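The block underneath contains the structure these notes are about, expressed in structure tokens.
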Amino acid sequence: MHASLLHTFLAHSDRAAGAAPVLDLACGGGRNGLYLVQQGIPVVFADRRRDQLDEIAAQTRDSNLATFWPVDFEEADRNPLQGRSFGAILVFRYLHRPLLAPIREAIQPGGLIVYETFTADQPRYGRPGNPDYLLRPGELRDTFGDWDGIHYFEGVTTSETSGREQAIAQIVARKPRT
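So the sequence shown is residues 0 to 177, counted in numbering that gives the first Met the number 0.
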């Protein structure tokens, strides 16, 4: 099951991917990128776990819209996004603060960020609890505040997968063309 945030803003993702593929960053099992591929949108699935990428490849073997990038985004003193360009970047349930600026740079002008992850309030509802993996209040909005905002939410909602309450922030924003 893909994130409803992605379904809601599919038309924006489709337009953003017109010039370059969508990056599903730290894709895990790839549910969100797989949804886009099913909609005819080209996706680069990126994760450090090759077994996950192999499973996604098996699910997309009849499609020419999926490509795979085995990469550790947390490797010290390295910016794996440097020199790469995407029409949109999806980030779900993942936060590595040193990547925030490179993510901004890797999205083409007119491209899209679709980001959803846990906030500092999450430990009240369950894991994760490590503040290194939790957004501070307003952090996601502040990171992309100079972009054209399409959607922003920060608060408590019910998880689509577990049915439990969770504290998250979401943003969908378009990078200015100039």
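Beta carbons are placed, not taken as given, at the ideal position from N, Cα and C, and that holds for glycine.
This one's a predicted model, so the numbers in the text were calculated from it and none came from an experiment.
Margin query: Any contact between the segment 44-59 and the segment 147-154? By contact I mean 3 or more CB pairs, one from each, below 8 Å.
Written below: no
Notebook entry, point to check: Near residue 64, which residues of its chain fall below 6 Å by C-beta distance, leaving aside the five closest residues on each side in sequence?
Noted result: 36 and 41
Notebook entry, point to check: So residue 20 and residue 47 are in contact, right, with Cβ under 8 Å, and what is the actual spacing, rounded?
Noted result: With a Cβ gap of about 19 Å, residue 20 and residue 47 do not count as contacting.
Margin query: Can you tell me which residues form a DSSP beta bridge with residue 169?
Written below: Looking at the DSSP assignment, residue 169 forms a beta bridge with 115 and 152.
Notebook entry, point to check: residue 68 bridges to which residues according to DSSP?
Noted result: 45
Checklist line | Per DSSP, the bridge partner or partners of residue 160 | finding: Answer is none; residue 160 lacks a bridge partner.
Check: What do you reckon, are the CB atoms on residue 31 and residue 89 nearer than 7 Å?
Finding: yes
Note to self: Within a Cβ cutoff of 7 Å, which residues of the same chain sit near residue 52, ignoring the five residues on either side of it in sequence?
What the structure shows: 44, 46, 67 and 69
Check: Which word fits residue 163, buried or exposed, when buried means at least 16 other C-beta atoms lie within 10 angstroms of its C-beta?
Finding: exposed
Next item on the list: Below 8 Å on the Cβ atoms is my guess for residue 104 versus residue 80; work out the distance and round it to an integer in Å.
Entry: Between residue 104 and residue 80 a beta carbon distance of about 7 Å is seen, short of the 8 Å cut, so the two are scored as contacting.
Item checked: Continuous alpha helix (DSSP H) stretch holding residue 86: start and end -> Run containing residue 86: none in the alpha helix (DSSP H); it sits in the beta strand (DSSP E), 85-91.
Next item on the list: To the nearest angstrom, report how far apart residue 99 and residue 134 are at their CA atoms.
Entry: 12 Å
Checklist line | Cβ-based neighbour list, residue 122, same chain, cut-off 7 Å, excluding 5 preceding and 5 following | finding: 128
Notebook entry, point to check: Which same chain residues, not among the five before or five after residue 62, have their C-beta less than 8 Å away from its C-beta?
Noted result: Counting only Cβ-Cβ distances below 8 Å, and skipping sequence neighbours, we find 36.
Item checked: Whole-Å CB distance - residue 166 paired with residue 118, under 8 Å assumed -> About 5 Å separates the CB atoms of residue 166 and residue 118; that is less than 8 Å, so the two are in contact.
Note to self: If you reduce the DSSP assignment to three classes, tell me which class residue 81 lands in.
What the structure shows: coil
Notebook entry, point to check: Cα separation between residue 179 and residue 142?
Noted result: Nothing can be reported for residue 179, as the shown portion of the chain is limited to 0 through 177.
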